[in-house]
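Here the sequence shown is numbered in my numbering, starting from 2 and rising by one per residue. Yeah, the Cβ is synthetic: ideal placement off N, Cα and C, and Gly gets one too. Every value quoted in this text rests on a predicted model; they were computed, and no experiment measured them.
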Amino acid sequence: MGARLRPHTHTQPKALVPIAGKAILGHIIERLQAAGITQFVFVVGYLGEKIMHYVQRKYPNIEAEFVIQQPREGLGHALWSARESFRNEENVLIQLGDTIVDVDMAQLLASEHTMLAVKTVKTPTMFGIAEMDLEGFITKVVEKPKIPKSNSALVGLYKIAHPAKLVDSLEHIIVNDIRTQNEYHLTDALMHMIQNGEKMVSLTVDHWFDCGRKDTLLQANATLLNRPEFKRVEYLDFPNTIIIPPVSIGKGVHITNSIVGPNVAIGEGAILNYTIVRNSIIGGYAELGYAVLEDSLVGSDSALKGLSQRLNIGDSTEIDFSH
C-alpha cells in the first residue's frame, strides 16, 4: 500500500510512482526485457487495476498475466496466490515492484543454483538478511533479525532454480501458519527450502534503489538522472528559463521564467511559471507558480501557487518572509 509514500499512494500504487521520467514499474520491466525476459506475472492488490492498465497500455508486447492477492498477507502469500503461474516452470525470477537494482542479470539467470541478490547495509535489522558459509553458499535467511549475524541484505530480486520446491515450501508456511511480523514471508519459505537441501548462492548488486520512502525515492531519482543517457539530452528552449542538467522533462511541459535542476523529473503536461525547483519529482499535469521547491514530491494534477512580491526596499532595511 506504500504507507511511507502517502499521500502519493492514496491514489496510485507505489509501483507507479514516477522516478527519472517513468514509473518505478516501467524501469523494472524494461530492465527485465533487456535481459531477454518476455513472460511476466504481476501479483496485484491495492489499486491493482491501475497496474493492469499501465502494463497493458505501455507494454502491449509482453506476455502478461495478472493475479489478484486477496487478502494481502505478505510476499510469501503473494507468491502462493500466483503459484499455478510458475509451479511447472524450469525456473522463475521474482522481483519486488518497488525496487530497482543494477545487477549482472546474465550471471543471475545463468546460475545453476537458486541465487539471491544482496547488498551490504549498515542497518541489517531493517531487512531480510542472508548468512553465508566459507564456500559462498547461503546457510540461513531471516527477516529483520533482532541480532543480525550478517549485513548482507536481500534486495528483492530472487532467481529460483526449482519453482516446484518453492511452491512446496510456500505451502508449508501457509498450512502451518508460519508468520513473521504477522505476515507470510518469502524469507521463511526460502529458509524451509535450505533446510530441505536447496543450494542457494548470493550475487552482490552494484546499486540498489529501495523506492519505498521519500528520501530514497529522491536519491534514486538523482542517481538515475545522472546516468549518461540523461546527460546527453538536449532541452527545449523555454522562455526566460534556466535548465541545470540533469533533468527529465515529459511531453507537453510548459516552463516559463523559472530555474529547473539539477536532479528534477517533470511529468508530462506540467506547467511551471516563476518557479525554482531542484532535487524533486513533479507529477504529470501539476501546475506550479511563484514557488521555490527543494527535495520535494509533487503529485499529478496538483497545483501550488506561492506569493508574488513587488518590493521597493530602502537602505538599512531587513525583511524576513520566513515566518
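- When DSSP reads this structure, Thr205 sits in a beta bridge with Val119.
- A buried status is given to Gln70, since no fewer than 16 other beta-carbon atoms sit within 10 Å of its beta-carbon.
- In this structure, DSSP gives Val45 an extended state, which the three-state scheme calls strand.
- Ala107 is classed as exposed because its beta carbon has fewer than 16 other beta carbons within 10 Å across all chains shown.
- Straight-line measurement puts the Cα of Leu97 at about 16 angstroms from the Cα of Phe87.
- Of all C-beta pairs linking the stretch 172–179 to the stretch 149–158, fewer than three are shorter than 8 angstroms, placing the two stretches out of contact.
- By the C-beta density criterion, Lys160 is buried, having at least 16 other C-beta atoms within 10 angstroms.
- In this structure, Met53 keeps its C-beta atom at 8 angstroms or more from the C-beta atom of Phe41.
- Restricting attention to Pro263, Thr257, Val206, Ile256, the CA atom closest to the CA of Asn227 is found in Pro263.
- With fewer than 16 other Cβ atoms from the protein chains shown falling within 10 Å of its own Cβ, Leu135 counts as exposed.
- Taking each of Leu305, Ile175, Ala16 in turn and checking the Cα distance to Glu50, the smallest one comes out for Ala16.
- The C-alpha of Val102 is placed about 21 angstroms away from the C-alpha of Gly77.
- Assignment of His193 by DSSP, reduced to helix, strand and coil, places it in the helix class.
- In the three-state reduction of the DSSP assignment, Ala83 falls in the coil class.
- Proximity to Thr276 across Phe239, Ala162, Gly137 peaks at Phe239, based on C-alpha coordinates.
- Ala21 carries a coil assignment under DSSP once its states are collapsed to helix, strand and coil.
- Here Thr100 is bridged, per DSSP, to Asp211.
- Look at Ser259 here: in three-state DSSP terms it is coil, with no helix or strand label.
- Secondary structure of Ile179 (DSSP, three-state): coil.
- Note that the stretch 59–66 does not touch the stretch 119–130; fewer than 3 beta-carbon pairs, one per stretch, sit closer than 8 angstroms.
- In the DSSP assignment, Leu158 falls within the beta strand (DSSP E) that extends over 153–161.
- Tyr185 and His255 have their C-alpha atoms roughly 47 angstroms apart.
- The alpha-carbon separation between Ala35 and Thr205 amounts to approximately 20 angstroms.
- Rounded to the nearest whole angstrom, the CA to CA distance from Pro14 to Asp105 is 28 angstroms.
- Annotation for Leu294: the continuous beta strand (DSSP E) segment containing it runs 288–295.
- When secondary structure is reduced to three states using DSSP, Ser317 falls in the coil class, being assigned neither helix nor strand.
- In this structure Phe210 is buried. Its beta-carbon is surrounded by 16 or more other beta-carbon atoms within 10 angstroms.
- Restricting attention to Leu94, Ser82, Asp296, the CA atom closest to the CA of Arg214 is found in Asp296.
- For Pro149 and Leu187, the gap between their C-alpha atoms comes out near 18 angstroms.
- Using a Cβ-Cβ distance cut-off of 8 angstroms, the stretch 113–121 and the stretch 160–175 are in contact, since at least three pairs of beta carbons, one from each stretch, lie closer than that value.
- Counting of Cβ neighbours within 10 angstroms places His193 among the buried residues, the total reaching 16 or more.
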